[in-house]
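Enquirer: Chains A and B, in that order, give the protein sequences.
Letter 173 of the first sequence, counting from 1, is numbered 292 in our numbering, and no numbers are missing.
Letter 246 of the second sequence, counting from 1, is numbered 365 in our numbering, and no numbers are missing.
Every residue gets a Cβ at the ideal spot worked out from N, C-alpha and C, and that includes glycine.
It should be emphasised that the depicted structure is a prediction, and the values quoted were computed from it without experimental measurement.
Protein chains: 2
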Amino acid sequence: MEKKIILDCHKSIIPYIHHTPVLSSTFINELTNSKIFFKCENFQRMGAFKMRGATNAILQLGNFQREKGVVTHSSGNFAQALSLAAKSLGVKAFIVMPNNAPKVKIEAVKGYGGIVTLCEPNIVDREATARNVSTSTGATFIHPSNDLDVIIGNATACLELLEEYPNLEIVVAPVGGGGLIAGTALSTHYFRKDCKVIGAEPSSVDDAYRSLKSGKIEKNETTNTIADGLKTQLGTINFPIIQQYINDIITVEENEIINAMRMIYERLKIVVEPSSAVALAAVLKNENDFRNKNVGIILSGGNVDLSKLPF
Amino acid sequence: MEKKIILDCHKSIIPYIHHTPVLSSTFINELTNSKIFFKCENFQRMGAFKMRGATNAILQLGNFQREKGVVTHSSGNFAQALSLAAKSLGVKAFIVMPNNAPKVKIEAVKGYGGIVTLCEPNIVDREATARNVSTSTGATFIHPSNDLDVIIGNATACLELLEEYPNLEIVVAPVGGGGLIAGTALSTHYFRKDCKVIGAEPSSVDDAYRSLKSGKIEKNETTNTIADGLKTQLGTINFPIIQQYINDIITVEENEIINAMRMIYERLKIVVEPSSAVALAAVLKNENDFRNKNVGIILSGGNVDLSKLPF
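1) Kindly say whether Lys388/B, judged by its beta-carbon, lies nearer than 8 Å to any beta-carbon of chain A.
2) Three Cβ pairs or more, each shorter than 8 Å: is that satisfied between the region 342-360 of chain B and the region 254-267 of chain B?
3) Within 10 Å of its beta-carbon, does Val243/B have 16 or more other beta-carbons around it, so buried, or fewer, so exposed?
4) Using the C-alpha atoms, what's the distance from Gly232/B back to Asn161/A?
5) Whose C-alpha, out of Asn405/A, Val189/A, Lys332/A and Lys427/A, is nearest the C-alpha of Leu150/A?
6) Can you check whether the CB of Asn152/A is closer than 8 Å to the CB of Arg410/A?
7) How many angstroms separate the CA atom of Ile369/A from the CA atom of Ala304/A?
8) By the 7 Å beta-carbon criterion, what residues does the region 150-172 of chain B contribute toward chain A?
9) Under 8 Å between C-beta atoms, does Pro140/B make it to chain A?
10) What residues match up with Asn302/A in a beta bridge as DSSP calls it?
11) Glu375/A versus chain B: which residues are under 8 Å apart at the beta carbon?
12) Can you list the residues of chain A that Leu428/B reaches, using a CB-CB cut of under 8 Å?
13) Would the region 364-381 of chain B and the region 311-320 of chain B be scored as touching if the rule is three or more Cβ pairs under 8 Å?
14) How long is the line joining the alpha carbons of Asn196/A and Asp326/A, rounded to whole angstroms?
15) Is the separation between the beta-carbon of Ala212/B and that of Ala205/B shorter than 8 Å?
16) From Phe430/B to Ile383/B, what does the alpha carbon distance come to, in whole angstroms?
17) So, Ile125/A versus Ile361/A, is the Cβ gap smaller than 8 Å?
18) On the premise that Leu349/B lies in contact with Phe157/B, defined as a C-beta separation below 8 Å, what is that separation, rounded to the nearest angstrom?
19) Does the beta carbon of Thr385/B come closer than 8 Å to any beta carbon on chain A?
20) I'd like to know whether the C-beta atoms of Thr140/A and Cys159/A end up nearer to each other than 8 Å.
21) Using DSSP bridges, identify the partner residues of Val290/B.
22) Alpha carbon to alpha carbon, what distance is there between Ser394/B and Asn343/B?
23) Give the straight-line distance between the Cα atoms of Arg164/A and Lys229/A, rounded to the nearest whole angstrom.
24) Taking the straight line between their C-alpha atoms, what separation do you get for Gly257/B and Glu279/B?
25) Against chain B, does Gly295/A count as a neighbour if the rule is that its beta carbon must be under 8 Å from one of theirs?
26) With a threshold of 8 Å between beta-carbons, can Gly257/A be considered close to chain B, or not?
27) Quick one: complete alpha helix (DSSP H) runs, 4+ long, within the region 219-279 of chain A?
28) In the DSSP assignment, what are the bridge partners of Cys128/A?
29) How would you label Ile261/A, buried or exposed, when you count the other beta carbons within 10 angstroms and need 16 or more for buried?
30) Are the CB atoms of Lys169/B and Thr259/B nearer to each other than 8 Å?
31) Sorted by chain position, which residues of the same chain lie with C-beta nearer than 8 Å to Ile300/A's C-beta, five sequence neighbours on each side aside?
32) Is the CB-CB distance between Gly421/B and Lys224/A below 8 Å?
33) Candidates Asp408/A, Thr275/A, Leu399/A and Lys338/A: which alpha carbon is nearest Ile133/A's?
34) Pull the bridge partners of Asp367/B from the DSSP assignment, please.
35) How many angstroms separate the CA atom of Ala247/A from the CA atom of Pro240/A?
36) Kindly indicate the opening and closing residues of the alpha helix (DSSP H) around Ala401/A.
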């Protein structure tokens with residue numbers, strides 16, 4: 120049944136998203152003794168896979184809800200994704216952003232038509248402000264990663280990859296809030312059961328790695344990583360999916376992320392955000408696990424401050 | 120007849136090159152009030168369109184010549200292109216490079232199998248050294264841009280673009296040594312006569328712009344541009360083609376090149392070298408010439424030193 124839900128979701132979001140290309144590099148294949156297929160969600164509309172989940176979440180709403188709009192709290196890609204998806208569907212998007220968010224990010228959200236409410240830069244005030252906006256406007260709250268419709272939307276990236284490359288034996292995706300890896304795991308489970316799914320996580324924000332080991336949701340103690348999209352915490356909706364369907368999580372160090380990011384720029388000639396490089400870093404680190412395998416990597420996005428590249 | 124030559128060339132080089140993708144950006148289209156189709160030769164093998172001309176030049180040689188190898192002088196993309204093309208075809212490539220060339224470039228050439236001879240960093244010694252290598256080895260000299268087989272090979276980038284987007288009204292390509300713009304002009308002339316061709320050149324190395332005005336090959340007085348691939352001079356083989364078939368050359372300033380380059384990174388999410396950005400800079404500068412038009416831009420390559428990005 121979930122198989123049909125993902126396929127139906129894909130069909131319904133197709134008019135609002137890009138079918139992103141898959142790239143390869145002879146150099147990286149020879150280096151890793153594997154065949155890696157990079158699913159380029161950096162080429163997605165607004166520059167990240169989050170466009171998929173945001174679009175699906177709005178499409179699942181009834182007309183009455185759509186009239187009232189949607190609300191989320193995010194300082195990152197989901198803020199832009201929900202704004203653009205809402206605009207495409209003629210729906211209002213209220214976006215709660217911390218008052219210390221970079222001005223360019225706030226402007227980008229406004230550029231996509233999002234209605235911004237600033238809040239104090241802590242999770243308690245973010246959630247409270249989002250609740251207030253929801254109460255006063257009637258807008259439906261949509262969580263950036265801990266929402267089943269968002270997860271199913273995200274699953275369509277891996278679905279497209281598996282449709283194009285049915286011989287994949289392992290798919291690797293970065294783990295932040297858990298929305299991408301959960302969707303990826305659902306797609307491999309329903310469309311290619313014998314394909315493994317590996318999460319890749321910066322070791323400095325390894326809540327998912329520790330949660331898998333302990334069997335309960337662990338908290339990050341720092342947010343000290345260049346992979347700014349991966350600082351967020353697992354949630355109660357995506358964690359059970361991750362527990363059930365993914366095979367392992369590989370953690371990587373900051374210098375490994377930077378090296379992988381540089382390799383993607385130099386060899387694939389594409390612009391990705393640091394979070395996207397975490398999956399390649401995991402493959403480079405645990406080369407033996409991937410040797411002679413057909414490997415899919417989900418490159419999550421390309422929204423990066425070019426003046427702050429780490430090389 | 121030339122039409123058939125270009126088509127035959129394309130057929131013969133296909134096994135050795137990538138058919139590169141064409142990308143667009145809604146943002147850039149809205150900004151320029153035009154539809155721009157970017158032909159991404161940064162995704163070409165070894166990272167630049169030069170792979171096309173180098174491959175064709177070697178394929179045109181007889182068996183006796185191929186046994187002796189090929190030789191060129193280049194510190195840039197053609198050195199790598201000829202090395203890789205020669206390797207793919209089982210031919211030796213002798214590459215004359217200035218002794219002040221960055222070590223990474225020399226290593227890249229060697230990595231593709233090129234046999235490097237260093238020379239003094241001036242054109243007189245470059246040419247003399249190449250002649251000496253040719254005499255002592257019997258290798259055939261192949262000029263990076265002033266060679267008809269190279270020009271015809273380069274023409275296949277625009278051919279692919281016109282096959283995929285037959286409605287293009289203008290194609291813009293950067294002008295350096297003249298090999299790319301000459302090939303581009305041949306392809307538009309033979310496959311889409313009513314499509315204009317515009318060259319784009321940094322104003323600090325505007326030898327082609329001045330040569331078009333004066334009717335004879337003018338020399339650059341400085342090589343002071345970030346677009347390091349465009350410092351070279353027009354030649355006697357490509358200049359007549361340029362004179363006959365291109366409509367105009369637009370010159371752009373350094374800050375305009377950097378702005379266009381940043382826009383390509385931010386909006387198309389791809390890595391290009393500064394030379395590639397010159398064509399978009401020309402469109403942004405002379406917006407009125409391109410308004411409401413279907414415009415093709417040849418992005419020449421993506422080999423850039425990431426530690427020296429101008430932003």
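Expert: On the basis of the coordinates in this document:
1) By 1-based counting over the second sequence, the position of residue 388/B is 269. At least one chain A Cβ lies under 8 Å of Lys388/B.
2) yes
3) Taking the first residue of the second sequence as 1, we reach residue 243/B at position 124. By the 10 Å Cβ count, Val243/B comes out exposed.
4) As a first step, residue 161/A must be located in the first sequence, where it is residue number 42. As a first step, residue 232/B must be located in the second sequence, where it is residue number 113. Asn161/A and Gly232/B: Cα-Cα distance of roughly 33 Å.
5) Translated into the one-based positions of the first sequence, residue 150/A becomes position 31. For the options Asn405/A, Val189/A, Lys332/A and Lys427/A, the alpha carbon positioned closest to that of Leu150/A is the one of Asn405/A.
6) The residue you call residue 410/A lines up with position 291 of the first sequence. The residue you call residue 152/A lines up with position 33 of the first sequence. In contact: Arg410/A and Asn152/A (Cβ atoms closer than 8 Å).
7) Against the first sequence, residue 369/A aligns to sequence position 250. Against the first sequence, residue 304/A aligns to sequence position 185. When rounded, the distance between both Cα atoms is 15 Å.
8) Asn161, Phe162 and Gly166
9) As a position in the second sequence, residue 140/B is number 21, starting the count at 1. Cβ-Cβ to chain A under 8 Å: yes for Pro140/B.
10) As a first step, residue 302/A is located in the first sequence; it is residue number 183 there, counting from the start. One detail in the question is off: residue 302/A reads as Gly in this sequence, not Asn. Note: Gly302/A sits in no beta bridge, so no partner.
11) Here residue 375/A refers to the residue found at position 256 of the first sequence. Ordered by position in chain B, no residue passes the 8 Å Cβ test against Glu375/A, which lies about 17 Å from the chain.
12) Counting from 1 along the second sequence, the entry for residue 428/B is found at position 309. Taking a Cβ-Cβ cut-off of 8 Å, the neighbours of Leu428/B in chain A comprise Leu425 and Leu428, given in sequence order.
13) yes
14) Working through the first sequence from its first residue, we reach residue 196/A at position 77. Working through the first sequence from its first residue, we reach residue 326/A at position 207. About 20 Å.
15) Position 93 of the second sequence, counted from the start, is the residue given in the question as residue 212/B. Position 86 of the second sequence, counted from the start, is the residue given in the question as residue 205/B. Going by C-beta atoms, Ala212/B is nearer than 8 Å to Ala205/B.
16) Here residue 430/B is taken as the residue at index 311 of the second sequence, counted from 1. Here residue 383/B is taken as the residue at index 264 of the second sequence, counted from 1. Computed Cα separation, rounded: 12 Å.
17) Here the question's residue 125/A lines up with position 6 in the first sequence. Here the question's residue 361/A lines up with position 242 in the first sequence. Contact: no.
18) Taking the first residue of the second sequence as 1, we reach residue 157/B at position 38. Taking the first residue of the second sequence as 1, we reach residue 349/B at position 230. Not a contact, Cβ separation roughly 18 Å.
19) Taking the first residue of the second sequence as position 1, residue 385/B is located at position 266. The sequence given here places Glu at residue 385/B; Thr does not occur at that position. Closer than 8 Å: yes.
20) Working through the first sequence from its first residue, we reach residue 140/A at position 21. Working through the first sequence from its first residue, we reach residue 159/A at position 40. Reading off the sequence shown, one finds Pro at residue 140/A, where the question assumed Thr. Yes, Cβ-Cβ distance for Pro140/A and Cys159/A is below 8 Å.
21) Against the second sequence, residue 290/B aligns to sequence position 171. Val316/B and Gly415/B, per the DSSP bridge assignment.
22) Translated into positions along the second sequence, residue 343/B becomes position 224. Translated into positions along the second sequence, residue 394/B becomes position 275. Roughly 13 Å between the two C-alpha positions.
23) As a first step, residue 164/A must be located in the first sequence, where it is residue number 45. As a first step, residue 229/A must be located in the first sequence, where it is residue number 110. Those two C-alpha atoms are separated by around 16 Å.
24) Against the second sequence, residue 257/B aligns to sequence position 138. Against the second sequence, residue 279/B aligns to sequence position 160. Near 35 Å, if we compare the C-alpha coordinates of Glu279/B and Gly257/B.
25) Here residue 295/A refers to the residue found at position 176 when the first sequence is read from its first residue. Answer no: the Cβ-Cβ gap between Gly295/A and chain B never drops below 8 Å.
26) The residue given as residue 257/A occupies position 138 in the first sequence. For Gly257/A, the answer is no, since every Cβ of chain B falls outside 8 Å of its Cβ.
27) For the alpha helix (DSSP H) assignment, the uninterrupted runs of no fewer than 4 residues enclosed by the region 219-279 of chain A are, from N- to C-terminal side, 222-230 and 242-256.
28) As a first step, residue 128/A is located in the first sequence; it is residue number 9 there, counting from the start. Answer is none; Cys128/A lacks a bridge partner.
29) Taking the first residue of the first sequence as 1, we reach residue 261/A at position 142. Flag for Ile261/A reads buried.
30) For the purposes of this step, residue 169/B is identified with residue 50 of the second sequence, where counting begins at 1. For the purposes of this step, residue 259/B is identified with residue 140 of the second sequence, where counting begins at 1. No, the Cβ-Cβ distance between Lys169/B and Thr259/B is not below 8 Å.
31) Numbered from its first residue, the first sequence carries residue 300/A at position 181. So the list reads Ala292, Pro293, Val294, Val316, Gly318, Ala327, Asn357, Ile361 and Ile365, once near-sequence residues are dropped.
32) As a first step, residue 421/B must be located in the second sequence, where it is residue number 302. As a first step, residue 224/A must be located in the first sequence, where it is residue number 105. Cβ atoms of Gly421/B and Lys224/A: not closer than 8 Å.
33) One-based indexing of the first sequence puts residue 133/A at position 14. Minimum Cα distance to Ile133/A is reached at Thr275/A.
34) As a first step, residue 367/B is located in the second sequence; it is residue number 248 there, counting from the start. For Asp367/B, the pairing in a beta bridge is given by DSSP as Ile317/B.
35) As a working note, residue 247/A is residue 128 in the first sequence. As a working note, residue 240/A is residue 121 in the first sequence. Computed Cα separation, rounded: 12 Å.
36) Position 282 of the first sequence, counted from the start, is the residue given in the question as residue 401/A. It spans Pro393 to Lys404 - the alpha helix (DSSP H) in which Ala401/A sits, taken as one unbroken run.
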